[in-house]
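**Student:** One structure follows; several queries about it will come next.
In full-length UniProt numbering, the protein residues as written are 1 to 121.
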């Protein structure tokens, strides 16, 4: 998966690759993570490729996406949060419209100049 992760300052966010390791994990309720509160749960536990583990608080395409459709890299606050995006298929080079919520893609025309980075508004 691609997981949206903020940096320590909270000023930047990045799409990072990882693997979902657990569904509905209990959230640690102590500073040292030794006690888990069974009443609190996150949607996913994700083991990032850089060996960090993160908890994702919601099942939402703005937080977790299919790595096939969302490349790793800096999150662009104006563009990456959209449900529908246009991109070039890495295999064929053809343009496709990606629905980040259903994880489906279909062929489409190239983006116009009014659609920066291929994002539909």
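Cβ coordinates follow ideal geometry from the N, Cα and C atoms, glycine included.
#1: Would you call the segment 42–52 and the segment 5–25 in contact, with 3 or more CB pairs under 8 Å?
#2: Is DSSP giving residue 70 helix, strand or coil here?
#3: Please report how far the alpha carbon of residue 99 lies from the alpha carbon of residue 40, in whole angstroms.
#4: Reducing DSSP to helix, strand and coil, say where residue 82 ends up.
#5: Report the rounded CA-to-CA distance for residue 72 versus residue 29, giving the unit in angstroms.
**Tutor:** Walking through what the data contain:
#1: These segments touch.
#2: Numbered from 1 along the chain shown, position 70 holds the residue referred to as residue 70. Three-state result, residue 70: coil.
#3: Taking the first residue of the chain shown as position 1, residue 99 is located at position 99. Taking the first residue of the chain shown as position 1, residue 40 is located at position 40. So the two alpha carbons sit approximately 30 Å from each other.
#4: Position 82 of the chain shown holds residue 82. In the structure shown, residue 82 sits in coil (DSSP, three-state: anything other than H, G, I, E or B).
#5: Here residue 72 is taken as the residue at index 72 of the chain shown, counted from 1. Here residue 29 is taken as the residue at index 29 of the chain shown, counted from 1. Straight-line Cα distance between these residues: approximately 30 Å.
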